[in-house]
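Notes for the one structure printed next.
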Amino acid sequence: MRRERFADRHEAGRELAGALSRYARRPDVWVLGLPRGGVPVAYEVAHALGVPLDVLIVRKLGAPRHEELAVGAIGPGGVRVLNRELVRHLGVGPEELEPIERKERAELERRQQAYRGARPFPDLAGKTVILVDDGLATGATMRAAALAVRAMRPARVVVAVPVAPPDTCEALLEVADEVVVLLQPEPFQAVGLWYEHFPQTSDEEVQDLLRRYGKG
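Using full-length UniProt numbering, the first residue of the sequence shown is number 1, and each one after it goes up by one.
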């Protein structure tokens, strides 16, 4: 039986790869990490499976005055996902969401330049795409990522994370063909609680991992 927490993102990625072994060394498989914290996990998954690695940049839309609470997310290609029930519950109007989205769209573009530069995005048509993050809470960011990838006509979209609450996993089956999660604790509370070491991942770490994998 595995321990109740992961040592760090790299250990979590190696364990997650074990649950994805059926995708190993397949020419039709790509692993996409969600920056920043998902990239160390995705690096280990892609390395263990022997498949290509890239990044998919999406940004959470935090609630006004409660930035950690995601009311939605944005992704490339104009993808925008809103938790309309939560937006109504909090009484968040369009005039409050607009500056938040504008700020996050600018950060998405900055990260796109920092991590990908002018390098073209891979052709994912007909491919199996494994989307990896270090964990999920509401799942809004991953939902945006899955919808962005769906627009690229893949054969299959797989969401793979070390830890997420059961209701989030179930909800993501609306946009993914498969959801692979190692831990589904209740109560969940926060992703970082399920790691012994959970520092912020820096731009430099993301760039270094992509460079080491031949993508920088």
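A virtual CB, placed ideally from N, CA and C, is assigned to each residue, including glycine.
The structure displayed is predicted, hence computed values, not measured ones.
- prompt: Between Ala17 and Glu44, is the Cβ-Cβ spacing less than 8 angstroms?
  reply: Against a cut-off of 8 angstroms, the Cβ pair of Glu44 and Ala17 comes out as a contact.
field: Pairwise C-alpha distance: Glu107 and Gly37
entry: Their backbone Cα atoms lie some 16 angstroms apart in a straight line.
field: Proximity to Ala155 [Cα-Cα], best of Gly214, Val175, Val163, Ala164
entry: Cα-wise, what sits closest to Ala155 is Val175.
query: Which residue from Trp194, Ala48, Leu61, Ala70 puts its Cα closest to that of Val26?
result: First, the residue type needs correcting, since residue 26 is Arg and not Val in the sequence shown. Each of Trp194, Ala48, Leu61, Ala70 was checked against the Cα of Arg26, and the nearest Cα belongs to Ala48.
message: So for Asp54, helix, strand or coil by DSSP?
response: Of the three classes helix, strand and coil, the one that applies to Asp54 here is strand, per DSSP.
field: Assigned secondary structure, Lys127 (DSSP; H/G/I helix, E/B strand, else coil)
entry: Coil, per DSSP.
task: Please classify Pro94: is it buried, with 16 or more other beta-carbons within 10 angstroms of its beta-carbon, or exposed?
output: Burial is judged here by how many other beta carbons sit within 10 angstroms of a residue's own beta carbon; Pro94 has fewer than 16 and is exposed.
message: The beta strand (DSSP E) that contains residue 225, what's its start and end?
response: This structure cannot speak to residue 225, because the chain is shown only from 1 to 216.
field: Contacting residues, own chain, Cβ-Cβ under 7 angstroms from Arg5 (five flanking each side not counted)
entry: Cβ contact annotation for Arg5 (same chain, cutoff 7 angstroms, sequence separation greater than five): Trp194, Tyr195, Glu196, in chain order.
For Glu186, the nearest candidate out of Val87, Val179, Thr168, Asp54 (CA to CA): Nearest option by C-alpha distance: Thr168.
field: Boundaries (first-last residue) of the beta strand (DSSP E) holding Leu183
entry: Looking at the DSSP string, the run of the beta strand (DSSP E) that includes Leu183 is 178-183.
query: Who are the Cβ neighbours of Arg211 in its own chain at under 7 angstroms, not counting the five residues just before and after it?
result: There are no such residues.
message: Taking only three categories from DSSP, how would you classify Ala17?
response: In the three-state scheme derived from DSSP, where H, G and I count as helix and E and B as strand, Ala17 is classed as helix.
- request: List the DSSP bridge partners of residue 240.
  value: Residue 240 is absent from the model: the chain starts at 1 and stops at 216.
field: Close beta carbons around Tyr23, own chain, < 6 angstroms, minus the five adjacent residues each side
entry: Around Tyr23: Val29, Leu49.
message: Assuming Leu147 and Gly75 are in contact, meaning their beta carbons sit under 8 angstroms apart, how far apart are those beta carbons, in whole angstroms?
response: With a Cβ gap of about 7 angstroms, Leu147 and Gly75 count as contacting.
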